[in-house]
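Each residue of the sequence shown is one higher than the one before, starting from 1 at the first, in this note's numbering.
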Amino acid sequence: MAVRKFSVSDASFEHVPGLDGDVFTGNLVDQHHGSPITIGYGRYGPEVSIDITLAVDDVMVVLKGQLSVSGEDGIVVTAGPGEIVHMPKGDKVTIRAHEDGAITAYVTYPHWQEAESG
């Protein structure tokens, strides 16, 4: 695999299967490219909130807007542009976009699509 550079405009966003609300992902590198990780962009609509149990380790870098992530332990972290949120595999979290929605870059290990369908 060669060194590559990506921007949000390279992503082809698709609604995340099984989630209600305005939540879209655009994988740019994944199992189809022979990579052990998935890399892409996420887009969250204004005030959207999703509850999810993570099937993979997930790292999000907020590029635009603001997100809050809360866990079962009651801790809530809020991240804005340039900030990173790590969510370990197995955690039950609520991800909530604020009033302007959010755009993120993400890296997951292993591939989130395989873990979600398996």
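Just so it is clear, CB atoms sit at the ideal spot from N, CA and C, and this is done for glycine as well.
Which partner residues does residue i have in the DSSP bridge list?
i   : result
V3  : The partner list for V3 (beta bridge, DSSP) is empty, contrary to what the question assumes.
S70 : V76 and T94
V29 : I39
Which residue's Cα is closest to the Cα of residue i: the options?
i    : options               : result
Y41  : L54, A79, V61 and A55 : V61
G26  : L19, P36 and H15      : H15
V29  : S9, R4, P46 and V48   : R4
A121 : S35, I95, T78 and G80 : Because the chain here runs from 1 to 118, residue 121 falls outside it and cannot be looked at.
T94  : P81, G71 and G101     : G71
Short check: CB of residue i to CB of residue j, under 8 Å?
i    : j   : result
I52  : G21 : no
V107 : I37 : yes
G74  : A97 : no
E47  : E99 : yes
A105 : L63 : yes
Measure how close the beta-carbons of residue i and residue j come, nearest whole angstrom, since I'm counting them as under 8 Å.
i   : j   : result
K89 : L67 : K89 to L67, Cβ: 19 Å. No contact.
F6  : F24 : So it is not a contact: roughly 16 Å between Cβ atoms.
M87 : V76 : Rounded, the Cβ-Cβ distance is 13 Å, inconsistent with contact.
Is residue i close to the ligand PLP? I mean its beta-carbon at under 7 Å from any heavy atom of the ligand.
i   : result
I84 : Absence of the ligand PLP is noted for the structure shown, with no ligands found whatsoever.
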